[in-house]
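J.: Read in my numbering, the sequence shown has 45 at position 38, and its numbers run on one by one without any break. Cβ coordinates follow ideal geometry from the N, Cα and C atoms, glycine included. Below is a structure I'd like to ask you about.
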Amino acid sequence: MPKKTSQQSKYLYGPVPSRRLGLSLGVDIVPLKVCTLNCVYCQLGRTTQKSVERGDFVATDAVLAELKERLAQGLQADFITISGSGEPTLNAKLGELIDGIRAITDIPIAIITNGTLLHRQDVRADCAKADVVLPSLDAGDEQGFQKVNRPHKDISIEKLISGLCKFRQEFAGRLWLEVFLVEGLNTDAEQIAKIKAAIALIRPDKVQLNTAVRPAAEPNVRSVGAEKLHAIAAGLGQNCEVVADFSPGRHRGHLHSTAESVLSMLKRRPCSLDDICSGLGIHRDDALKHISHLQSQGLIGSEKTNRTVFFKAK
Ligand code: SF4
Numbered sequence: 008m009p010k011k012t013s014q015q016s017k018y019l020y021g022p023v024p025s026r027r028l029g030l031s032l033g034v035d036i037v038p039l040k041v042c043t044l045n046c047v048y049c050q051l052g053r054t055t056q057k058s059v060e061r062g063d064f065v066a067t068d069a070v071l072a073e074l075k076e077r078l079a080q081g082l083q084a085d086f087i088t089i090s091g092s093g094e095p096t097l098n099a100k101l102g103e104l105i106d107g108i109r110a111i112t113d114i115p116i117a118i119i120t121n122g123t124l125l126h127r128q129d130v131r132a133d134c135a136k137a138d139v140v141l142p143s144l145d146a147g148d149e150q151g152f153q154k155v156n157r158p159h160k161d162i163s164i165e166k167l168i169s170g171l172c173k174f175r176q177e178f179a180g181r182l183w184l185e186v187f188l189v190e191g192l193n194t195d196a197e198q199i200a201k202i203k204a205a206i207a208l209i210r211p212d213k214v215q216l217n218t219a220v221r222p223a224a225e226p227n228v229r230s231v232g233a234e235k236l237h238a239i240a241a242g243l244g245q246n247c248e249v250v251a252d253f254s255p256g257r258h259r260g261h262l263h264s265t266a267e268s269v270l271s272m273l274k275r276r277p278c279s280l281d282d283i284c285s286g287l288g289i290h291r292d293d294a295l296k297h298i299s300h301l302q303s304q305g306l307i308g309s310e311k312t313n314r315t316v317f318f319k320a321k
């Protein structure tokens, strides 16, 4: 059993390279796979607790204490990103946590959410405290929503779209909508036209197209080719971009470079060797040394997707 050190994080991970937010320090405030959805493409596997009940999952003070410690160690990040292992708006203390983060740092705050609880006024008020909110919309009708996102029975596509519209009216910050496309599930012309109509109602600042480049919850999930993705982006309008892979080389000096921090990263999502090197600011040789150590302990495994090897925690 590894000894607990001040570098071990319970609630924070990274900073990791994010294709959408640059160097992002993740804050995980909901237990693994407690979510309102069970998306076929989820990198964290199938949802184990599908819920719409907000709860008190973590002690806000403990999260803030960890963050204070990292800031004292010279943390550098483009964003503090509230997301993680489940749907973060299920945490009833989200607003209180954002207030607490604001009190100790000027680093901008982002929330990555599936957006399904934005129909609730309290959730909209909490999310409105962030600088950037990145919700999702992967379908234009109920059938597509059920196929791709497999929602909790109390959530419908109508509720999701109207919540997003209300939030847009109330939120003065930046709203970047992600559309995650799965080949054969939500890529036909009719579904794309319906998604486009919903985007026109929501009026996000940006639309970001993504696809399954990492191992997903369901083995038959297929990614959309780059050419097709760019064609769909062009059809969706000027503020739509394909979210490109983070390019390595954005190192910011010494971040975390222990096997423990590699494991912490891999517990959150599968990562390639380049992801690990960029996220932790370490050389390939160091990353390979930690990977081999963790593999020999049986703590991580690997899987090849789209010709890239991804490592993930067991
Ligand atoms: S991708 Fe996000 S919203 Fe979908 S099941 Fe996974 S954690 Fe939930």
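Just the C-alpha distance for residue 170 and residue 19, rounded to the nearest angstrom, thanks.
T.: Between residue 170 and residue 19, the C-alpha separation is close to 28 Å.
J.: Decide yes or no for the touch test of the region 122–129 against the region 151–167: beta carbon pairs closer than 8 Å, at least 3 of them.
T.: Yes, the region 122–129 touches the region 151–167.
J.: Excluding sequence positions up to five away, which residues of its chain have a Cβ less than 7 Å from the Cβ of residue 243?
T.: 203, 206 and 214
J.: Please write down, chain order preserved, every residue whose beta carbon lies under 5 Å from a heavy atom of the ligand SF4.
T.: 42, 44, 46, 49 and 121
J.: Measure the CB-CB distance between residue 272 and residue 23 and report whether it falls below 8 Å.
T.: yes
J.: What is the rounded straight-line gap between the Cα of residue 34 and the Cα of residue 116?
T.: 10 Å
J.: Extract the residue ranges of the alpha helix (DSSP H) inside the region 73–158, only unbroken runs of 4 or more that lie entirely within it.
T.: 101–111, 128–134 and 149–156
J.: For residue 303, which option in 266, 42 and 86 has the closest C-alpha, if you only look at C-alpha atoms?
T.: 266
J.: Spatial neighbours of residue 17 within its chain, please: CB distance less than 8 Å, with the 5 preceding and 5 following residues excluded, ordered by chain position.
T.: 69 and 73
J.: Nearest-angstrom Cα distance between residue 92 and residue 43?
T.: 12 Å
J.: In angstroms with no decimal places, state the Cα-to-Cα distance between residue 229 and residue 221.
T.: 10 Å
J.: Nearest to residue 174 by CA position, among 198, 153, 87 and 130, is which residue?
T.: 130
J.: Could you check what DSSP says for residue 63 in three-state terms: helix, strand or coil?
T.: coil
J.: Does DSSP put residue 295 in a helix, in a strand, or in coil?
T.: helix
J.: My output table needs one value for residue 10: the three-state DSSP class, helix, strand or coil.
T.: A caution first: residue 10 carries a pLDDT of 34, below 50, which makes its placement in the model unreliable, though a value can still be read off. Residue 10: coil per DSSP, three-state reduction.
J.: Where does residue 218 sit, in a helix, a strand or coil, going by DSSP?
T.: In this structure, DSSP gives residue 218 an extended state, which the three-state scheme calls strand.
J.: Do the region 297–314 and the region 46–65 touch if we need at least three Cβ pairs shorter than 8 Å?
T.: no
J.: What did DSSP end up calling residue 192 once you bin it into helix, strand or coil?
T.: coil
J.: Residue 284 lies in the beta strand (DSSP E); which residues open and close that run?
T.: Where residue 284 is concerned, there is no enclosing beta strand (DSSP E), although the alpha helix (DSSP H) it sits in stretches over 280–287.
J.: On the CB-based measure, 16 or more other CB atoms within 10 Å of its CB, does residue 146 come out buried or exposed?
T.: buried
J.: For residue 227, count the other beta carbons within 10 Å of its own beta carbon; 16 or more makes it buried, fewer makes it exposed. Which is it?
T.: exposed
J.: Exposed or buried, residue 319, counting other C-beta atoms within 10 Å across all chains shown (16 or more means buried)?
T.: buried
J.: I'd like to know if the region 140–160 and the region 107–115 are in contact, where contact means that at least 3 CB-CB pairs between them fall below 8 Å.
T.: no
J.: Quick check on the burial criterion: 16 or more other C-beta atoms within 10 angstroms. Buried or exposed for residue 285?
T.: Under this definition residue 285 is a buried residue.
J.: Drop a sphere of 10 angstroms on the beta-carbon of residue 208, count the other beta-carbons inside from all chains shown, and report buried for 16 or more, exposed for fewer.
T.: Classification for residue 208: exposed.
J.: Suppose the cutoff is 8 Å on Cβ atoms and the five residues either side in sequence are ignored; what does the same chain contact list for residue 316 look like?
T.: Excluding positions up to five away in sequence, the list reads 279, 280, 309 and 310.
J.: Identify the residues that DSSP records as bridge partners of residue 312: which are they?
T.: 315
J.: Report the option in 192, 102 and 140 whose CA atom is closest to the CA atom of residue 120.
T.: Comparing Cα-Cα distances from residue 120 to each of 192, 102 and 140, the minimum goes to 140.
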